[in-house]
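Asks: If you scroll down you'll find the structure; I have some questions about it.
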Amino acid sequence: MEPQRVEKNLSTALDECMVVSEPLGTVLILRSWACPVQLCLVPLIGAIAAGNCVVISPSEHCTHTAELLHRLLPSYLDNECYHIVLAGTNDFSEIVELKFDHIFFSGTREEGTKVSLAAARNLTPVTLVLSGKNPCYVDQNCDINTTARRITWARFHNGGQSMASPDYVLCHVDAKERLLQALRCAVLIFYGSDPRESRSYGRLVNMENFSRVRDLLWRSGKVVMGGHVNEVEKYVAPTILSDVTETDPVMHQEYFGPILPVLTVENVDEAISFINKRDKPLCVYAYSSNSKVISRLMNETSSGSFCSNDSVLQSLMPCLPFGGVGPSGMGSYHGQCSFKTFSHKKSCLLRGTRIECFTYLRYPPYDERNLSLMTWANTLTQKSQGWCQIL
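Residue numbers for the sequence shown follow UniProt numbering, so the first one is 1 and each next one is one higher.
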């Protein structure tokens, strides 16, 4: 990128002031198994654009994707500059502790904490995009059928294994029954009466995730639809839970699975209070035809991103930075934001020696004459910017 010229003042009128973007060096991109192709290649593009070398370590839980990337990328990119490491769980800490110039990680909070601690030993900056509990408020004033279709798609695509999906619904009490019925209809339309036979419906990534999702399913709320599991296939049916309370296990654990808990609230105030009592999420969603309701959810909650009357799409747009805040992560990426994330902004002042007749005043000894002139220059600064900076 061309150096960015910045505004000058009188003291630098004859100089060049600019911000130069330079590569950080060698970047490590780590191991997400949720949407592994996107979450490897999108940050990779930004790191390449910024001029960095990159090491990619895909998740060991996505062996086929990792092997595909390992086979294809060297055909298109210089393997000396862009390298894929197929590492197992036991190698994770060793890789992170190497001295990289930046680490990009997307995944769970638990793993993100480990990455951050390991990076801190080398003072390595990190970008963390972490999962959490993404709330979705459904107002009584909304297109209930469109709302149900969009939530159903967002929650159950990829077998429910997406960090940007809505994790639970806060539904206005007056819309609850209408929403539950519309959600059931949407699931039937998308996946048929037996989602297990649908080619459009996925499976859970491994037995560990399957067991966690199954256990949470059996210990939370009331099953309105779904609830069927098959251990051999690691299959969990798209499941809608009603009568969920905020103390249920599904409301406290990250589950990465096709479960949609539906809670009821009396009004938007209760929904905002419910969201703000918890950790700041990666995403907040709001469905309403009332622009004031949308505005309140956007302005009175804090999250990595916000989307009204749809879900997930804000996390896919190159023109919008995507990342978390607080417990849901730090830093962001996508488009130009990726370039900034993987670049160092170096301040550059290119000066000459032609105005030494003025700048000598800053040198000692500080006699009365010099002090008087510096005081005058400081006073003049308030009227015409920057004169005292000559000194």
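Built from N, CA and C at the ideal position, the CB exists for glycine as well.
Determine the direct distance from the alpha carbon of I84 to that of T247, and round the result to whole angstroms.
Replies: For this step, residue 247 is matched to residue 247 along the sequence shown. For this step, residue 84 is matched to residue 84 along the sequence shown. Going from the Cα of T247 to the Cα of I84 covers about 42 angstroms.
Asks: Just the Cα atoms here: how many angstroms apart are L14 and T353?
Replies: To locate residue 14, count along the sequence shown from 1; it is residue 14. To locate residue 353, count along the sequence shown from 1; it is residue 353. For L14 and T353, the distance between alpha carbons rounds to 10 angstroms.
Asks: So for V293, helix, strand or coil by DSSP?
Replies: Taking the sequence shown and counting its residues from 1, one reaches residue 293 at position 293. Helix, per DSSP.
Asks: Give the range of the alpha helix (DSSP H) segment to which C53 is assigned.
Replies: Position 53 of the sequence shown, counting from 1, holds the residue named residue 53. It is not in any alpha helix (DSSP H) - C53 instead sits in the beta strand (DSSP E) that spans 53-57.
Asks: If you measure between the beta carbons of I48 and V54, is that distance less than 8 angstroms?
Replies: Within the sequence shown, numbered from 1, the residue matching residue 48 stands at position 48. Within the sequence shown, numbered from 1, the residue matching residue 54 stands at position 54. In this structure, V54 lies closer than 8 angstroms to I48 by Cβ.
Asks: Would you call P261 buried or exposed, if buried means 16 or more other Cβ atoms sit within 10 Å of its Cβ?
Replies: Position 261 of the sequence shown, counting from 1, holds the residue named residue 261. The residue in question, P261, is buried, as its Cβ has 16 or more Cβ neighbours within 10 Å.
Asks: Per the contact definition of three or more C-beta pairs closer than 8 angstroms, is the stretch 55-66 in contact with the stretch 157-167?
Replies: no
Asks: So, with DSSP's three-state summary, where would you put F104?
Replies: By one-based count along the sequence shown, residue 104 stands at place 104. Looking at F104 - three-state DSSP - the assignment turns out to be strand.
Asks: Alpha carbon to alpha carbon, how far is S328 from K8? Give it in angstroms, no decimals.
Replies: Taking the first residue of the sequence shown as 1, we reach residue 8 at position 8. Taking the first residue of the sequence shown as 1, we reach residue 328 at position 328. Straight-line Cα distance between these residues: approximately 39 angstroms.
Asks: Taking three-plus beta-carbon pairs below 8 angstroms as touching, is the stretch 304-323 in contact with the stretch 277-284?
Replies: yes
Asks: Quick check on the burial criterion: 16 or more other C-beta atoms within 10 angstroms. Buried or exposed for G192?
Replies: Taking the sequence shown and counting its residues from 1, one reaches residue 192 at position 192. Flag for G192 reads exposed.
Asks: Quick one: what's Q4 bridged to in DSSP?
Replies: In the sequence shown, counting from the first residue as 1, residue 4 sits at position 4. Paired residue(s): V19.
Asks: Verify whether the separation of the beta carbon atoms of P36 and T63 is less than 8 angstroms.
Replies: Against the sequence shown, residue 36 aligns to sequence position 36. Against the sequence shown, residue 63 aligns to sequence position 63. It is not a contact, given that the beta carbons lie outside the stated cut-off.
Asks: Starting from I151, trace the alpha helix (DSSP H) in both directions and tell me its first and last residue.
Replies: Counting from one through the sequence shown, the residue named residue 151 turns up at place 151. For I151, the enclosing alpha helix (DSSP H) begins and ends at 144-156.
Asks: Exposed or buried, L371, counting other C-beta atoms within 10 Å across all chains shown (16 or more means buried)?
Replies: Taking the sequence shown and counting its residues from 1, the one referred to as residue 371 is at position 371. Label assigned to L371: exposed.
Asks: What does DSSP give as the partner residues of T264 in its beta bridges?
Replies: Counting from 1 along the sequence shown, the entry for residue 264 is found at position 264. BP columns for T264 point to C171.
Asks: Closer than 8 angstroms by C-beta to R184: which residues in its own chain qualify, once you throw out the five before and the five after it? Chain order, please.
Replies: For this step, residue 184 is matched to residue 184 along the sequence shown. Same-chain partners within the cutoff: V224, M225, I240.
Asks: Considering only DSSP beta bridges, list what T127 is partnered with.
Replies: Within the sequence shown, the letter at position 127 stands for residue 127. T127 pairs with F104.
Asks: With V42 as the anchor, note down where its alpha helix (DSSP H) starts and where it stops.
Replies: Numbered from 1 along the sequence shown, position 42 holds the residue referred to as residue 42. Where V42 is concerned, the enclosing alpha helix (DSSP H) stretches over 36-49.
Asks: For Q4, count neighbouring Cβ atoms within 10 angstroms of its own Cβ and tell me buried if that reaches 16, exposed if not.
Replies: For this step, residue 4 is matched to residue 4 along the sequence shown. That one is exposed.
Asks: Across the stretch 92-107 and the stretch 67-78, are there enough close Cβ pairs to call them in contact, namely three or more that are closer than 8 angstroms?
Replies: no
Asks: Work out the CA separation of L44 and N79 for me, nearest whole Å.
Replies: For the purposes of this step, residue 79 is identified with residue 79 of the sequence shown, where counting begins at 1. For the purposes of this step, residue 44 is identified with residue 44 of the sequence shown, where counting begins at 1. Using only the alpha carbons, I get a separation of about 14 angstroms.
Asks: Classify C357: buried if its beta carbon has 16 or more other beta carbons within 10 angstroms, exposed otherwise.
Replies: Locating residue 357 in the sequence shown gives position 357, counting from the first residue. Exposed, by the Cβ-count rule.
Asks: Counting pairs of beta carbons, one from the stretch 250-260 and one from the stretch 201-219, are three or more of them closer than 8 angstroms?
Replies: yes
Asks: Going by alpha carbons, who is nearest to W219 out of I144, V244, G51, I272?
Replies: Against the sequence shown, residue 219 aligns to sequence position 219. In the sequence as presented, Trp is not what sits at residue 219; that position holds Arg. The option with the nearest alpha carbon to R219 is V244.
Asks: Using C-beta distances below 8 angstroms, list every residue in its chain close to S302, excluding the 5 sequence neighbours before and after it, in chain order.
Replies: Against the sequence shown, residue 302 aligns to sequence position 302. Once the five neighbours on either side are set aside, the close Cβ partners of S302 are N276, K280, V325, G326.
Asks: Taking only the alpha-carbon atoms, compute the straight-line gap between Y287 and C142 and give it to the nearest angstrom.
Replies: Your numbering for residue 287 matches position 287 in the sequence shown. Your numbering for residue 142 matches position 142 in the sequence shown. Their backbone Cα atoms lie some 6 angstroms apart in a straight line.
Asks: Could you tell me the alpha carbon to alpha carbon distance between I144 and R150, rounded to whole angstroms?
Replies: As a first step, residue 144 is located in the sequence shown; it is residue number 144 there, counting from the start. As a first step, residue 150 is located in the sequence shown; it is residue number 150 there, counting from the start. The alpha-carbon atoms of I144 and R150 are separated by roughly 10 angstroms.
Asks: Quickly, what does DSSP pair P135 with across the bridge? List them, please.
Replies: Within the sequence shown, the letter at position 135 stands for residue 135. DSSP output for P135 lists Y168 as bridge partner(s).
Asks: Runs of 4 residues minimum, wholly inside the stretch 326-384: which ones carry the alpha helix (DSSP H) assignment?
Replies: 335-341, 356-359, 368-381
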